[in-house]
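Per my numbering, residue 33 is the first one in the sequence shown, and the count goes up by one each step. Encoded as structure tokens, the structure appears first; notes follow it.
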Amino acid sequence: MTDRDAFVARFGGVFEASPWIAEAAWEGGPYASVAALHAAMVAVVDGAPCSARLALIRAHPELAGKAAIAGTLTAESTREQAAAGLDRLTPQQHARLLELTAAYRERFGFPFVVCAREHTADSIIATAAERLAHDPDTEERTALAEIAKIAALRVVDLATDDVPGGTSA
């Protein structure tokens with residue numbers, strides 16, 4: 033396994049189901065810090081074509097949706113949704129969240145994405161309701177900003193003193 037392969041194996045899941053971001057970021061390394069690595073990865077997303085950015089948003093699972101119920105979320109998504117209490121919703125909260133996320137997907141063409149670790153179940157529901165009023169361009173930017181927050185937390189979770197590609201915590 034090359035250093036590049038090890039880097040992608042380690043950081044390929046930082047952005048949900050999008051190892052192409054870690055692959056592109058590898059080219060700019062080594063990185064002096066975790067923050068520099070995250071910034072480089074976000075720059076890859078920012079420089080990607082619109083179709084790739086939309087695919088990145090669409091790679092995210094529905095909150096408390098079918099994948100969560102079936103137990104097929106990534107380990108990261110499972111932990112993040114649990115941290116917000118989405119694995120312990122009341123029937124009313126679950127129904128409301130599913131209603132809002134379905135309306136959101138219908139309106140924008142991609143799933144509602146929020147950095148769950150920064151929220152509670154109730155604040156996620158309130159945020160989903162609020163963001164339904166956004167225009168599509170604003171919401172695409174908001175979803176990508178939330179994805180960047182998720183990635184920042186994930187890259188820190190993965191960081192150690194000896195990170196492939198020269199990154200150190």
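No residue lacks a Cβ here, since even glycine has one placed at the ideal position from N, Cα and C.
Nearest candidate by alpha-carbon position, reference residue i, set the options
i           : options              : result
residue 111 : 158, 96, 124 and 191 : 96
residue 182 : 134, 71 and 59       : 71
Range covered by the alpha helix (DSSP H) that runs through residue i
i           : result
residue 110 : 107 to 115
residue 59  : Taken as a continuous stretch (DSSP letters only), residue 59 belongs to no alpha helix (DSSP H), as it is neither H nor E.
residue 149 : No alpha helix (DSSP H) contains residue 149, which DSSP labels as neither H nor E.
residue 86  : 82 to 90
Buried/exposed call for residue i, threshold 16 Cβ in 10 Å
i           : result
residue 148 : buried
residue 143 : buried
residue 198 : The pLDDT assigned to residue 198 is 43, lower than 50, so where the model puts this residue is not dependable; a value taken from the coordinates is nonetheless given after this. So residue 198 ends up on the exposed side.
residue 195 : Its pLDDT being 46, under 50, residue 195 is placed unreliably by the model, and nothing is read from it.
Whole-Å CB distance - residue i paired with residue j, under 8 Å assumed
i          : j           : result
residue 77 : residue 69  : Not confirmed; about 13 Å, so no contact.
residue 43 : residue 179 : Incorrect: roughly 15 Å between the Cβ atoms, too far for contact.
Residues of its chain near residue i, where Cβ-Cβ distance is below 7 Å and the 5 sequence neighbours each way are ignored
i           : result
residue 108 : 45 and 186
residue 171 : 140 and 163
Same chain, Cβ closer than 8 Å to residue i, five either side skipped, listed in chain order
i           : result
residue 153 : 116, 117, 118, 120, 121, 125 and 129
residue 136 : 143, 144, 160, 163 and 164
residue 156 : 95, 116, 118, 129, 146 and 148
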